[in-house]
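Just so we're aligned: 665 in our numbering is position 151 of the sequence shown, and the numbers increase by one with no gaps anywhere.
In this text, a Cβ means the ideal position worked out from N, Cα and C, and glycines have one as well.
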Amino acid sequence: LAAGSVNQCWGPSECAEDMVSQALSHCDLHPPHEKNPLCEVRVLAFGDSLTAGEWTARDGDNNWWGGYEPYHKHLQRALALHMGPSFQCSIKTWHSGIPGRAAFEMLKYMDQADGLRSTLRDILAMPSGETSEIFTVVVILAGTNDLLIYGRSDEAVAASILELARASRAEGAHVLLVEIPKAKQYTSNSNAEEAENRRAKANELLRLQAKGGQYNWQQSKRRVELVEGAPLDSTTSVDERAFDATEPHLFFADFPLPAWEAAQEEPRSAAFWCQDGLHFTKAGYIELGERLAQTVGVFIRSKLPEDLF
515 LAAGSVNQCW GPSECAEDMV SQALSHCDLH PPHEKNPLCE VRVLAFGDSL TAGEWTARDG
575 DNNWWGGYEP YHKHLQRALA LHMGPSFQCS IKTWHSGIPG RAAFEMLKYM DQADGLRSTL
635 RDILAMPSGE TSEIFTVVVI LAGTNDLLIY GRSDEAVAAS ILELARASRA EGAHVLLVEI
695 PKAKQYTSNS NAEEAENRRA KANELLRLQA KGGQYNWQQS KRRVELVEGA PLDSTTSVDE
755 RAFDATEPHL FFADFPLPAW EAAQEEPRSA AFWCQDGLHF TKAGYIELGE RLAQTVGVFI
815 RSKLPEDLF
């Protein structure tokens, strides 16, 4: 996303070339709603190769190939369905996923053309037409490269991610921190136990700092636990929710896909992971977007007035 501009496109084929070139395109893959929206929801998915949607595969001749399937476009589609046809806001999503980049590097390059603050400011500056209200959410999925490539401590990783969140909130955006997922490398390497301890501790530090509440994804039970500890499900009315609608919130979500090790026990879940045990397949990124849409949707419902639904 170049400063002051946006690459908008109305179909996946128009975005394909940009996505393959390091997956740095920022696309609204769906045309604006035909109705005149009363508000506009803008969601920026930000992170590393998992946000870019990088996937790889290997055939029987040991040949590798791959591409990109960023989850944000599936989040947008599923979020529109989750909010329902009576929702009076348009929904647009963008992504900036930079393969190989660690959270501390994202912090260092925040003001570059593909950086978090620069990208977010460009999105916030986009004209909204007659829409009077803009509701912005940044979804941050980062930390894997810090832990597995650079061997950074749990405190350092959490501090970098939280500083990214602070910068986003300073621009007026709500922030959803997504748990650093448990990849194969946390279970199969010689230093797997030590790396897994750092991953778990980093995630716990992020949970503790999430002042807006946390969303715990469970296959058998989906709920939101607010700071006050009161359970909240998707049927709870807006009036019963304890969020302050005027303050940008920091929100935490457990990673919605099964960990690599657990996924190997169930064929459908195993199909979400690439053979490298680090990235996801196309099906995995689709599932990730759809499940995160429920998380984002519950949060949005807690923040916007009831008459918008």
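Helix, strand or coil for residue i, going by three-state DSSP, please let me know.
{"i": "I800", "result": "helix"}
{"i": "F618", "result": "helix"}
{"i": "A594", "result": "helix"}
{"i": "S600", "result": "coil"}
{"i": "L764", "result": "strand"}
{"i": "L818", "result": "coil"}
{"i": "Q723", "result": "helix"}
{"i": "P781", "result": "helix"}
{"i": "A773", "result": "coil"}
Quick test of your reading: residue i and residue j, contact by CB under 8 Å. State the CB separation rounded to the nearest angstrom.
{"i": "L764", "j": "V689", "result": "5 Å"}
{"i": "P685", "j": "R635", "result": "The question names Pro, yet the displayed sequence has Glu at residue 685. At roughly 6 Å, the Cβ-Cβ gap stays under 8 Å, so E685 and R635 are in contact."}
{"i": "H588", "j": "E775", "result": "Contact doesn't hold; Cβ gap of about 25 Å is too wide."}
{"i": "L655", "j": "G561", "result": "4 Å"}
{"i": "I605", "j": "G657", "result": "That belief does not hold up - the Cβ atoms of I605 and G657 are roughly 27 Å apart, past 8 Å."}
{"i": "C603", "j": "L552", "result": "6 Å"}
{"i": "Y623", "j": "L806", "result": "Contact doesn't hold; Cβ gap of about 24 Å is too wide."}
{"i": "L793", "j": "L630", "result": "Per the sequence presented here, residue 793 reads as His, with Leu not at that position. About 21 Å separates the two Cβ atoms, so there is no contact after all."}
{"i": "V671", "j": "A706", "result": "In fact, because the Cβ distance is near 17 Å, the residues do not count as touching under 8 Å."}
{"i": "T607", "j": "Q590", "result": "4 Å"}
{"i": "G791", "j": "A697", "result": "6 Å"}
{"i": "I637", "j": "E554", "result": "Their Cβ separation, rounded to whole angstroms, is 11 Å, which puts I637 and E554 out of contact at 8 Å."}
{"i": "A687", "j": "P770", "result": "Their Cβ separation, rounded to whole angstroms, is 21 Å, which puts A687 and P770 out of contact at 8 Å."}
{"i": "L676", "j": "L720", "result": "7 Å"}
Buried or exposed: residue i, going by 16 or more other Cβ atoms within 10 Å of its Cβ?
{"i": "S816", "result": "buried"}
{"i": "L661", "result": "buried"}
{"i": "I612", "result": "buried"}
{"i": "I663", "result": "exposed"}
{"i": "R666", "result": "buried"}
{"i": "A639", "result": "exposed"}
{"i": "L595", "result": "exposed"}
{"i": "R556", "result": "buried"}
{"i": "L483", "result": "Past the boundaries of the shown model lies residue 483; the chain is included only from 515 to 823, so the question cannot be answered."}
{"i": "A699", "result": "The sequence shown places Gln at residue 699, not Ala. Answer is buried; the Cβ neighbour count reaches 16."}
{"i": "A627", "result": "exposed"}
{"i": "G525", "result": "Here the model assigns G525 a pLDDT of 29, short of 50, so the residue's position is not dependable and the matter cannot be decided."}
{"i": "D747", "result": "Note that D747 has pLDDT 35, beneath the 50 cutoff, so the model's placement of it is unreliable and the number below is only indicative. By the 10 Å Cβ count, D747 comes out exposed."}
{"i": "N659", "result": "buried"}
{"i": "E583", "result": "buried"}
{"i": "Q808", "result": "buried"}
{"i": "E708", "result": "exposed"}
{"i": "R615", "result": "buried"}
{"i": "L722", "result": "exposed"}
{"i": "R572", "result": "exposed"}
Just list the residues that DSSP pairs residue i with in beta bridges.
{"i": "E568", "result": "Y582"}
{"i": "I605", "result": "V555"}
{"i": "W787", "result": "F794"}
{"i": "F823", "result": "Beta-bridge pairing links F823 to no other residue."}
{"i": "L589", "result": "None, per the DSSP bridge assignment."}
{"i": "G811", "result": "According to DSSP, G811 bridges with nothing at all."}
{"i": "F560", "result": "S610 and I654"}
Taking 7 Å as the line, does the beta carbon of residue i fall inside it for any heavy atom of the ligand ATP?
{"i": "H596", "result": "Although the ligand ATP was asked about, the structure shown includes no ligands whatsoever."}
Determine, using beta carbons only, whether residue i comes closer than 8 Å to chain B.
{"i": "V653", "result": "This model lacks chain B altogether; it includes just one protein chain."}
List in chain order: all unbroken alpha helix (DSSP H) runs of 4+ residues lying wholly within the region 625-709. 630-638, 658-662, 668-684 and 699-702
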